[in-house]
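Asks:
In the working numbering, the protein residues as written are 18 to 101.
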C-alpha cells in the first residue's frame with residue numbers, strides 16, 4: 018500500500034502545479050488541429066493515478082480529459098490565461 022500512497026501523493030502534488038500552469042478558464046490552442054479549448058480543471062485518473070486536465074472545445078463545448086503529461090508536452094499552447 019505504501020507504493021500506491023506515494024503515487025497518490027505525487028499526483029496530488031502535481032495538481033497544484035498543473036493548476037498554476039493551466040488555470041481554470043485559460044484558453045489553449047491545439048497546435049496540430051488549430052482547435053481552441055478552455056481548461057476546466059485538473060483531476061487524478063483513478064485507474065492509473067495520473068494527473069489529467071479537463072477541458073472543452075470552445076466551439077462545441079464537448080468535454081475532454083487528457084493526461085497532464087500529454088497536455089503539457091507541446092501539443093497545446095496557451096493563448097489566453099486572463100480568465101484563470
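We put the beta carbon where it would ideally sit given N, CA and C, even for glycine.
Along the chain, which unbroken stretches of the beta strand (DSSP E) at least 3 residues long are found entirely within the stretch 18-88?
Replies: Runs of the beta strand (DSSP E) inside the stretch 18-88: 44-47, 53-61, 68-74, 80-84.
Asks: Leaving out five residues before and five after residue 58 in sequence, what residues of the same chain have Cβ atoms less than 6 Å from its Cβ?
Replies: Working through the chain shown from its first residue, we reach residue 58 at position 41. 41, 71.
Asks: Which of the three DSSP states is assigned to residue 90 in this structure?
Replies: As a working note, residue 90 is residue 73 in the chain shown. In the structure shown, residue 90 sits in a helix (DSSP, three-state: H, G or I).
Asks: Looking only at DSSP bridge pairs, what is residue 97 linked to?
Replies: Walking along the chain shown from the start, residue 97 turns up at place 80. Answer by DSSP bridge pairing, in chain order: 44.
Asks: What residues in its chain sit with their C-beta under 6 Å from that of residue 28, if we drop five residues either side in the sequence?
Replies: Position 11 of the chain shown, counted from the start, is the residue given in the question as residue 28. 61, 66, 68, listed in sequence order.
Asks: Could you tell me if residue 45 is buried or exposed, where buried requires 16 or more neighbouring beta carbons within 10 angstroms of its beta carbon?
Replies: Taking the first residue of the chain shown as position 1, residue 45 is located at position 28. It is buried - the Cβ of residue 45 has at least 16 other Cβ atoms within 10 Å.
Asks: So, are the CB atoms of residue 73 and residue 53 less than 8 Å apart?
Replies: The residue given as residue 73 occupies position 56 in the chain shown. The residue given as residue 53 occupies position 36 in the chain shown. Not closer than 8 Å, so no.
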